[in-house]
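Counting from 83, one number per residue, gives the positions in the sequence shown under the numbering used here.
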Amino acid sequence: MLAEAQALWEQFEHVNNEIFKWSEGLTDDQLNWKPSAKDTNSIGILMSHIMGIEIFSVAERVGGQSVNRDRSAEFANRATRDALVQRRAEVEKRVREAFDTLTTADLDRTIRTPNGETPVVKFLINSVSHVSDHMGQVILTRKLLDTQK
């Protein structure tokens, strides 16, 4: 694996390790608890969304794999621990496979995004930043949930 791809893979892996660490010990009901503030999400929704971003950004957009992401379902479906663990295994397998095959030319090529065209490496860095933001939301939501006990 290219050094750049390895570094990016490690960042995605770090986010997954952290969100699963912060969800440890929660029941399915607790995974689906939402703070009362407007436009908040549950830990389960955030975890599902993070993994959706990862598989779509890396495996499909960069790696060319068809992943059939249903973004709206990430926010609508009730999360379960078992489903999240299964999803993590699938996401990490497919993301790792995509990173394993990246070449220097792949990192340098451009892809179309809603904001225009950008080099793949910049797109992946932005994706890591995006999931890291949501990781922070998982941590904050867990801390808020813990005050409810």
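All C-beta atoms, glycine included, are put in the ideal place defined by N, C-alpha and C.
Alpha carbon to alpha carbon, how far is Arg194 from Thr229? 43 angstroms
Using 8 angstroms as the Cβ pair cut-off and three pairs as the minimum, do the stretch 151 to 160 and the stretch 170 to 186 touch? no
Three or more C-beta pairs under 8 angstroms: does that hold for the stretch 144 to 155 against the stretch 108 to 122? no
Cβ-Cβ separation, Val202 to Asp188 (assumed contact under 8 angstroms), whole Å: 6 angstroms
With 8 angstroms set as the bound, which would you pick, yes or no: does the beta-carbon of Phe157 sit closer than that to a beta-carbon of chain C? The structure shown contains no chain C; it holds only a single protein chain.
Among Trp104, Ala180, Ser118 and Gly126, which one has its Cα closest to the Cα of Asp111? Gly126
When you compare each of Val144, Glu172 and Leu222 to Ile90 by their alpha carbons, which one comes out closest? Here residue 90 turns out to be Leu, not Ile, going by the sequence shown. Checked all of Val144, Glu172 and Leu222; the closest Cα to Leu90 is Val144.
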